[in-house]
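Below you'll find the structure, written out as C-alpha cells, and then a few comments.
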Amino acid sequence: MKVKIEVLNKLKEDRKYLEFLRQNSNWYKKLNRDPENLEIFIKKMKEKYKLRTIDKIDNIVDSADIIAKILNS
106 MKVKIEVLNK LKEDRKYLEF LRQNSNWYKK LNRDPENLEI FIKKMKEKYK LRTIDKIDNI
166 VDSADIIAKI LNS
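Position one of the sequence shown corresponds to residue 106 (this note's numbering), numbered consecutively onward.
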C-alpha cells in the first residue's frame, strides 16, 4: 500500500502529470497494477508535452533562429 501512496504523491506534484493521466485513462490501470510503470508514465508525458531535454534544446534553437531572422531583416 505504501508504494501506491508514493505514486499518488508523485502524481500530485505536477499538474501536467494529472492532466496527462486524465487524457490517457489507460494509465490508471497500468499504475494501479504496477507502480513501477510510473517512470514510463513520466517519460510518455514528457514526450507528449515536449518537456524532454532535446525538446527544450530544439525550442532554444528555433527561438535563436527567429531572433536572427528578425535582426537580419
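Just so it is clear, CB atoms sit at the ideal spot from N, CA and C, and this is done for glycine as well.
_Please classify LEU136 as buried or exposed, where buried requires at least 16 other C-beta atoms within 10 Å of its C-beta._
buried
*Using a Cβ-Cβ cut-off of 7 Å (strictly less than) and excluding sequence neighbours within five positions of ASP160, which residues of its own chain qualify?*
none
_Tell me the rounded alpha-carbon separation between ILE165 and ILE175._
15 Å
*Which residues bound the alpha helix (DSSP H) around TYR122?*
120-128
*Give a yes or no on whether the C-beta atoms belonging to LEU126 and TRP132 are separated by under 8 Å.*
yes
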